[in-house]
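S.K.: Going by our numbering, 806 is the number at position 825 of the sequence shown; the sequence numbering is gapless. Glycine included, every Cβ here is placed at the ideal spot set by N, Cα and C. If you're wondering where the values come from, they're calculated on a predicted model, not measured in any experiment.
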Amino acid sequence: MDNLSYLSGENAEYIDSLYKAYKEDPHAVEFGWQKFFEGFDFGRSASDSTVASQAPEHFFKEVNVLNLIDGYRNRGHLFTKTNPVRERRKHLPTLALENFGLSEADLDTVFNSGVEIGIGAAKLRDIVAFLEQTYCGSIGAQYKYVRTPEVLTWIEDKMESSRNTAKFSIEEKRRILKKLNEAVSFENFLGTKFLGQKRFSLEGAEALIPALDSVIEKGADLGIKEFVIGMAHRGRLNVLANIMQKTYKDIFAEFEGKGYSATSPFGGDVKYHLGYSTDVTTNQGKNVHLSLCPNPSHLETVNGVVEGMTRSKIDFKYGGDDSLIAPILIHGDASIAGQGIVYEVIQMAGLDGYKTGGTIHLVINNQIGFTTNYKDARTSTYCTDIAKVTLSPVFHVNGDDVEALVYAINLAMEYRMRYKNDVFIDILCYRRFGHNEADEPKFTQPLLYKAIEQHANPRDIYIKQLIGEGALEASMAKEMEKEFRGILQQRLNEAKELVSTYQDVKFGGAWAEMRLASAKDFETSPDTSVDKDTLLSIANKISTLPKDRKFFKKIEKLFDERNKMATATHIFDWAMAEQLAYGTLLTEGKRVRLSGQDVERGTFSHRHAVLTLEDQEEEYIPLAHLSPDQGSFDIYNSHLSEYGVLGFEYGYAMANPNALTIWEAQFGDFFNGAQIVVDQYIASAETKWQRENGLVMLLPHGYEGQGPEHSSARIERFMELCADYNMQVTNCTTPANFFHALRRQFARDFRKPLVVFTPKSLLRHPACVSKLEEFTEGRFHEVITDTNVTATEVTRVLFCSGKIYYELLEKQRNDQIKNVAIVRVEQLYPLPIEQMEAAYASYKNAKEAIWVQEEPENMGAWPFLLRKLRKTIFSNIEVISRKESSSTASGFAKQHADQQAYILAKAFEMPVTEKEQKIAKKSVSKIYNVD
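1) For residue 218 and residue 615, what's the separation of their Cα atoms in angstroms?
2) Tell me where the beta strand (DSSP E) around residue 572 begins and ends.
3) Residues in the same chain with beta-carbon distance under 6 Å from residue 103, minus the five sequence neighbours each way, listed in chain order, please.
4) When the Cα atoms are used, what is the spatial distance from residue 621 to residue 511?
5) For a test of the three-state rule: what should DSSP assign to residue 32, helix, strand or coil?
6) Tell me the residue span of the beta strand (DSSP E) that contains residue 127.
7) Assess contact between the region 346 to 360 and the region 296 to 310, defined as three or more Cβ pairs (one per stretch) separated by less than 8 Å. Is contact present?
8) For the beta strand (DSSP E) that residue 333 lies in, which residues bound it at each end?
9) If we ignore side chains and look at the alpha-carbon of each, how far apart do residue 546 and residue 553 end up?
10) What first and last residue would you give for the beta strand (DSSP E) that runs through residue 805?
11) Based on Cα-Cα distance, which residue from 65, 59, 78 and 80 lies nearest to residue 71?
12) Among 323, 792 and 659, whose alpha-carbon lies nearest the alpha-carbon of residue 942?
13) Does the distance from the C-beta atom of residue 689 to that of residue 868 stay below 8 Å?
14) Could you round the C-beta distance between residue 282 and residue 661 to whole angstroms and report it? I think they count as a contact, below 8 Å.
15) How long is the line joining the alpha carbons of residue -14 and residue 223, rounded to whole angstroms?
16) Could you tell me whether the region 739 to 746 touches the region 764 to 784, where touching means 3 or more Cβ pairs closer than 8 Å?
17) Looking at the secondary structure, which residues open and close the beta strand (DSSP E) in which residue 615 lies?
18) Give the C-beta separation of residue 198 and residue 263 to the nearest angstrom, bearing in mind that I take them to be a contact with Cβ-Cβ under 8 Å.
19) Just to check my reading of the structure: residue 276 and residue 323 have Cβ atoms closer than 8 Å, yes? What is that Cβ distance to the nearest angstrom?
20) Can you tell me where the alpha helix (DSSP H) with residue 395 in it begins and where it stops?
21) Check whether the Cβ atoms of residue 498 and residue 706 lie closer than 8 Å to each other.
22) Spatial neighbours of residue 124 within its chain, please: CB distance less than 6 Å, with the 5 preceding and 5 following residues excluded, ordered by chain position.
23) Taking 6 Å as the limit between beta carbons, can you name the residues of its chain near residue 612, skipping five residues before and five after?
24) Return the residue from the list 159, 178 and 407 that minimises the CA-CA distance to residue 191.
25) Rounded to the nearest angstrom, what separates residue 414 and residue 448 at their Cα positions?
26) DSSP beta-bridge partners for residue 678?
27) In whole angstroms, what is the alpha-carbon distance linking residue 694 and residue 651?
28) Pull up the DSSP beta-bridge partners for residue 257, would you.
29) Please report the Cβ distance between residue 380 and residue 409, rounded to the nearest whole angstrom; I am assuming they are in contact, meaning their Cβ atoms lie under 8 Å.
30) Would residue 126 be called buried (16 or more neighbouring beta carbons within 10 Å of its own) or exposed?
31) Whose CA, out of 78, 351 and 681, lies closest to the CA of residue 46?
32) Report yes or no: do the region 725 to 740 and the region 665 to 685 share at least 3 C-beta pairs separated by less than 8 Å?
33) Taking C-alpha atoms, which residue in 109, 120, 80 and 814 lies nearest to residue 61?
34) Could you tell me whether the Cβ atoms of residue 53 and residue 112 are closer together than 8 Å?
35) Three-state secondary structure (DSSP) at residue 752?
36) How many Å lie between residue 984 and residue 755 at the Cα?
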């Protein structure tokens, strides 16, 4: 560090000029000089006995002391006593006096610079002691990258006014000890009573429990009514028991295997993945609701889900007030540094569509990832360096100093409530055992675990501290432990007497009116029609632009065409059908939320739900101007994230069933960046955790010669996940059926995820339209039969889904083929087998059934259908498709056209001619090219 040796007596004139400038305008000089001159003026007003000589040498040393203070504020966190079991890495330059142009000879000199830290003119040794205690003790504060002076000042005032040292009453200390004892004793009890069973213990990080207990108390005092918590498996059982108040008996019963029922339709999950919700009462008598979100083993996946749940509750439950609820995310050191989902979710923190008023991040930093040493787990200095992205302060805390941790998390809570920004607590601790209790950590970290074996647990360390302070007697500590273990033993005895703890699912809270679905619910869809006058009124409103605003000419033309649909033709395309679905739900008072990349305009320039005025940045949203008492229409272009945003929207729908929550992929196959959310939540949450969800996924799909990455939404991946009526998968061919599919989400008293493979070229296909009566009469049609043929003449029945239908239809019409019927399977899951059989049976002379798809034989719906239809009348069904392939589609437009033409010719058993080539090429030209 520069020791400012360039400053000497010869610079006195320069300093004098700075001082004159400061007296005229303090902001005319740099911040450091501002602070120096503030102290200088203060010192000059004091008596000579307390102020050192104003000779030039001392003058410069005052500046050096200010630099020393700034050095501690900036880099003190590198030299803290925060690691309980390892020596800290060495960082250069240090905070030694010599690096700031000072020496031990200056320790008894009084410097006015002490004003900067609130202690007035003081000896250098007192200034250093103050800085060491504040910035280099059990808490390391990393915050100087924050760009707002007011925030910096607030943080520094908070820390320096208390010297970053907790001051708790005897009662508060005993509360901390009580929670710490519960945490330690609970882990010890599980380890002795359920030897060998996985529990992913919290041992080494037990201070987390009093910290969570305290932040709930602090948050409640500041007005928080609810916390939504997300965490991985480590320490989850301890949090469930000692924070969420899940009974010890129920947890022990799970260890005993009492939660299983042979008659239950649910597969369940391991106990350290389960969620829980409860109401607690704080010491001050305030009620707080706590929700712990269920989480798979995929570390950090839960982050987006928690943020989405929190935002949903802000919107529905708290009227948009994010000061009444707060998310808490508990990370591991390896996962927060290594998992990209963390970055995706953190980038949401300030975005209008996703912000939740600030998240409290806690890191259980046990300095190891399974077997990987922390030096191999990241390049950054700290695992929390991602906090700099959102300019969020970080407090690194010694996990053995429970009071420091409680102090830090209370400070974090205050910061969150004041500035509505994320804040991080990095708990430096250790993992007493291996990754799980059966793992041997000495294989890879023998020296570390030798030290851990000899290291006292946080409770025993705190008891020793309290006894030393005279705040606790040794006998009281022993009695506390004995009494709590007695309670645990009693609950274990009760758990062993239970036959089963299984209970039928009962939804509560926002879900109280919902129920579980049965197979019968999917035999036919409910009525989702809309009154003609209502529909046309909405259509007119959403297609009429206000006269007092100036819009882009192409937008005016587009809306004129839409208005003709509403007022003249009464024939609606896909984009209008979609917005009519939203509009009708909104007028019924329902909330509609749509997010994803470019959804406001639509990837293919088809939606235009949000319009930007031509001559200014003002936006106009037609769907927000239907009626005064309509539901809220929330539409947001997301940042370029799939994993994080899909998780967020799933969480939003998970918290409340009363919104149509939609995530749209830019192209369908881009969802695979969020495959973990699909696998671990969307497909399996109801089976594992008995949690329903009504999320809608819109995945653009269709083969138009756009290449491997813009053709397939990977239908086969969803089909292989379908079972237990866990979701609905559709590939609609008409705008009206899409309209009904969306409205159907609200027409039943249960919720299921809906996956819709949406079109691209069909958005502008002249035949892909629906008449008014298709909206005002009826429901969603799982199967649509062929009305273009005479049933008795049909000898071959083609079953298909999605865009390929229109190419088959054109071929059928052009060649006047009367003996081949085309039946559309609009819903792929739950598969409407009975409706398919009825459709086939209506063609009494049919000799063969064939499935036609654009996708390669090993993809699309075919592999699923082959399995599901083998015991039906379709046991001999054949397939016409592209040949099996390791890639979804060809990157060559000519090859695509040749393959498409072959499918069309094969479907009707005719040779490939120029007609088929032309039909195939049409779809290529219809798509809006975006890459």
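M.R.: Reading it off the structure:
1) 37 Å
2) 572 to 577
3) 95
4) 36 Å
5) Summary for residue 32: the model assigns pLDDT 34, below 50, so the residue's position carries little reliability, and this model does not support an answer.
6) Here residue 127 belongs to no beta strand (DSSP E), and DSSP marks it neither H nor E.
7) no
8) Careful: residue 333 lies outside any beta strand (DSSP E) and carries neither H nor E.
9) 6 Å
10) 801 to 806
11) 59
12) Outside the shown range of the chain, which is -18 to 912, sits residue 942, and nothing can be said about it.
13) yes
14) 6 Å
15) Low local confidence applies: a pLDDT of 38 at residue -14 is under 50, so the model's placement there is unreliable, and no value is given.
16) yes
17) 614 to 618
18) 5 Å
19) That pair is no contact at about 14 Å.
20) 383 to 400
21) yes
22) 136 and 374
23) 567, 570, 571 and 572
24) 159
25) 28 Å
26) 644 and 736
27) 8 Å
28) 273
29) 6 Å
30) exposed
31) 78
32) yes
33) 120
34) yes
35) strand
36) Nothing about residue 984 can be read from this structure; the chain reaches only from -18 to 912.
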